[in-house]
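Written out below as structure tokens is the structure these notes cover.
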Amino acid sequence: MPRLSGTSPKGWKWSRNCPPPPDLLIEFVPEDVPTKQAVYREIEAAYPTEDFILASGTSGLDLVELARRMQRPERFIGLHYFMPADKTLVVEVMAGPNSPQAAVDDTARLLERTGKEPVLLYRPIVGFLVNRLQHAILHEAYYLIEAGVASAADIDHAARRMLAPRMCLNGLIQKKDINGLKIHADAQN
């Protein structure tokens with residue numbers, strides 16, 4: 149397997165004797181756009197014509213920006229594993245700015261063969277899906293604390309004992325379907 153070497157994120161070099169590329173090559177370097185782009189240049193130089201999917205292991209950077217200097221951005225996607233990656237089943241698979249749906253679907257099939265449960269995103273969006281949902285909930289929690297509505301301890305207690313179990317059983321959207329969309333629509337008015 150090809151190896152990165154060097155003593156700092158800015159000094160990594162791609163191995164000179166690269167074997168044939170895998171179906172999926174995942175980059176996991178620090179969350180720094182120039183560092184990631186330098187790694188992509190090295191990978192593309194090592195494999196200029198081969199057809200494989202190159203994935204970034206970012207959790208919060210913009211895939212459009214990451215792909216900006218790539219020679220073949222159509223084979224570029226984002227993957228978001230959750231820690232600890234060897235224990236959690238879900239991994240988010242996000243299309244890059246020019247990648248076809250087939251690249252996302254092919255990656256999902258590869259990940260399923262490793263026991264993962266892919267969540268598919270067919271357009272690039274900063275933060276992926278889970279981080280964005282988590283941050284939306286956190287913003288509301290911070291507002292409720294600041295407004296004096298509830299304490300941090302009570303918000304955490306409600307999240308652990310009621311919100312999280314409900315989401316585990318039904319998810320966000322399915323829960324609304326079970327209760328009836330009209331009921332929820334009426335409650336919002």
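Residue numbers (my numbering): 149 to 337.
All residues carry an ideal CB built from backbone N, CA and C; glycine is no exception.
Treat the numbers as computed from the prediction; the structure is a model and nothing was measured.
Taking a contact to require three or more Cβ pairs closer than 8 Å, the segment 203 to 211 and the segment 220 to 234 qualify as touching. Non-local beta-carbon contacts of Phe176 in its own chain, meaning distances under 7 Å to residues more than five positions away in sequence, involve Gly205 in chain order.
Here Pro266 is bridged, per DSSP, to Val239. Under the three-state reduction of DSSP output, Glu175 falls in the strand class. 8 Å or more divides the Cβ of Leu292 from the Cβ of Ala284.
Of the candidates Asp210, Leu237, Tyr195, Met231, the residue whose Cα lies closest to the Cα of Gln219 is Tyr195.
Between the segment 300 to 317 and the segment 269 to 279, the count of C-beta pairs closer than 8 Å stays below three; the two stretches do not touch. For Phe276, the enclosing alpha helix (DSSP H) stretches over residues 276 to 294. Between the alpha carbons of Ala312 and Glu198 lies a distance of about 44 Å. Annotation for Gly208: Gly275 place their beta carbon closer than 6 Å to its own, counting only its chain and skipping 5 residues before and after. Of all C-beta pairs linking the segment 237 to 250 to the segment 262 to 271, three or more are shorter than 8 Å, placing the two stretches in contact. Rounded to the nearest whole angstrom, the C-alpha separation of Arg216 and Cys316 is 38 Å. Within the same chain, and ignoring the five residues on either side of Leu237 in sequence, the residues whose Cβ sits closer than 8 Å to its Cβ are Gly263, Lys264, Glu265. Taken atom to atom, the span from the alpha-carbon of Glu288 to that of Leu258 is near 37 Å. By the C-beta density criterion, Glu192 is buried, having at least 16 other C-beta atoms within 10 angstroms. Rounded to whole angstroms, Thr183 and Ser247 show a C-alpha spacing of 22 Å. As computed with DSSP, His305 is found in no beta bridge at all. Secondary-structure assignment with DSSP links Ala193 through no beta bridge to anything.
According to DSSP, residue pairing for Ala203 in a beta bridge involves Ile174, Ile225.
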